[in-house]
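The next block holds one structure in the form of structure tokens; read it before the comments.
Residue numbers (the numbering used here): 309 to 792.
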């Protein structure tokens with residue numbers, strides 16, 4: 309398939325002076341520019357509420373951010389001077405959106421651009437609807453060329469808010485214009501889950517309840533909340549990671565084969581999978597909050613001792629759920645999905661645990677010598693996978709050993725593109741495959757709605773462990789036992 313070319317365009321970033329724009333978006337855009345993937349004609353307009361910044365101030369701010377990202381300062385400075393612009397907009401002032409429209413037309417004339425526009429909402433979720441309504445009321449939801457709207461997560465804070473936000477978006481934009489971004493889907497190793505499953509008959513033939521006992525999805529971080537206390541207190545582990553990032557991994561690992569590789573076919577299968585998943589019950593949820601502990605030999609604070617955290621906060625920093633899928637492929641197979649801060653080490657992986665081989669002769673004195681196979685798909689760090697297989701230990705005749713067959717992405721392919729590089733480029737060429745459909749957001753919230761409406765107990769766990777002891781009740785008692 310021929311690579312799609314990026315057409316001349318104007319890229320507008322709301323919240324352009326914020327943390328996400330400085331750390332992720334601008335370095336990704338600059339890297340795309342350096343490699344020639346943005347095309348020859350484009351301009352970037354940063355939008356923010358601050359009236360103490362102008363074009364030069366914005367360029368200086370971005371130049372500093374690019375330098376911190378490791379982009380050579382001379383190259384970055386020249387690019388910033390040539391391509392970056394700034395416009396102040398108050399999200400509640402229609403006149404500001406009208407002025408934004410005039411500035412957009414001015415930049416398009418100056419840069420000989422045909423009216424293709426991307427509007428990227430890198431703002432707090434509280435102003436999503438104000439921004440979308442402002443764009444629509446100013447007539448910026450349509451232009452001389454194509455118009456695309458990129459919305460960052462979290463997309464709503466419960467089922468009703470997701471429905472309301474979708475309704476707001478659809479008042480002004482069609483679904484074909486909307487790109488709900490989840491940066492996990494931009495990781496090369498996440499995209500490879502699709503290829504790994506459906507391009508390798510070896511695995512797809514055994515990808516079902518007859519051969520798989522359970523699936524364990526883990527998104528673990530060593531770090532605490534750091535400077536994000538204000539955000540995290542309102543969000544917690546479920547809404548920050550579990551309901552969006554982790555559910556995307558779940559959908560890719562469990563979905564049915566799509567009829568073709570088009571975005572709609574792939575997203576349709578993900579939606580079907582989510583609607584086949586039972587809403588969570590109280591016994592399927594374990595929450596935790598880290599207490600003081602030791603990580604890598606260093607003592608670390610508990611959550612209540614972090615700056616900006618209330619001493620009586622019940623916000624969860626760990627969340628684990630057991631998902632049940634009501635379809636032919638997965639009936640009875642538990643999917644354990646976990647995430648947490650201040651865990652033993654940083655790792656994102658999917659463990660596919662196969663059933664034990666149904667043979668009797670690998671036993672001695674009532675003990676099984678053969679262990680089940682497992683497939684570990686590592687998404688970070690050290691992206692790749694390993695398949696554990698059983699071999700005979702030549703030095704101990706009555707012992708079998710599990711040895712891994714290992715594939716490492718970096719060893720084979722070198723540097724992998726950053727997730728935002730992939731997703732921004734897909735936005736510019738109009739490929740929605742790696743973006744979340746509106747129905748998909750509501751389907752995921754439907755699963756978590758019982759959690760949102762209840763207040764499960766929050767268990768303590770020491771920093772540097774794998775979470776609270778209560779987590780054990782979600783796990784199958786043995787590798788061949790499905791959840792009841």
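Glycine included, every Cβ here is placed at the ideal spot set by N, Cα and C.
If you're wondering where the values come from, they're calculated on a predicted model, not measured in any experiment.
Given this structure, state the Cα-to-Cα distance separating residue 730 from residue 696, to the nearest angstrom. 31 Å
Run through DSSP, which three-state label would residue 766 get? strand
Can you tell me whether DSSP reads residue 317 as helix, strand or coil? strand
Outcome for residue 522 when other beta-carbon atoms lying within 10 angstroms are tallied against a minimum of 16: buried
What are the boundary residues of the beta strand (DSSP E) that residue 657 is part of? 655 to 662
CA nearest to the CA of residue 651, picked from 683, 610, 458: 610
In chain order, what residues of the same chain lie with their CB nearer than 6 Å to the CB of residue 464, ignoring the 5 residues before and after it? 470, 473
Go to residue 471, then tell me how far its alpha helix (DSSP H) extends in each direction, as first and last residue. 467 to 480
The beta strand (DSSP E) enclosing residue 523, as first and last residue numbers: 520 to 528
If you run the structure through DSSP and keep just helix, strand and coil, what is residue 410? helix
Name the residue from 637, 612, 587 whose alpha carbon lies nearest to the alpha carbon of residue 631. 587
State yes or no: is the C-beta of residue 779 within less than 8 Å of the C-beta of residue 545? no
Are there 16 or more other CB atoms within 10 angstroms of the CB of residue 775, so buried, or fewer, so exposed? buried
Would you mind giving the Cβ-Cβ distance between residue 317 and residue 353, rounded to the nearest angstrom? I have them listed as a contact below 8 Å. Actually they are not in contact, since the Cβ atoms of residue 317 and residue 353 sit about 11 Å apart, beyond 8 Å.
Could you tell me the distance, in whole angstroms, from the CA atom of residue 708 to the CA atom of residue 732? 48 Å
Alpha carbon to alpha carbon, what distance is there between residue 759 and residue 791? Note that residue 791 scores 38 on pLDDT, short of 50, meaning its location in the model is unreliable; the coordinates nonetheless yield the value given after this. Approximately 20 Å between the Cα atoms of the pair.
Could you spell out the range, first to last residue, of the beta strand (DSSP E) harbouring residue 647? 643 to 648
Starting from the C-beta of residue 483, find all residues in its chain whose C-beta is less than 8 Å away, skip the five residues before and the five after it, and write them out in chain order. 745, 746
In this structure, how does DSSP classify residue 533 when only helix, strand and coil are distinguished? coil
How many Å lie between residue 686 and residue 717 at the Cα? 10 Å
Selected residue, minimal CA-CA separation from residue 613, among 639, 580, 558, 533: 533
Do residue 768 and residue 601 come within 8 Å of each other at the CB atom, strictly closer than that value? no
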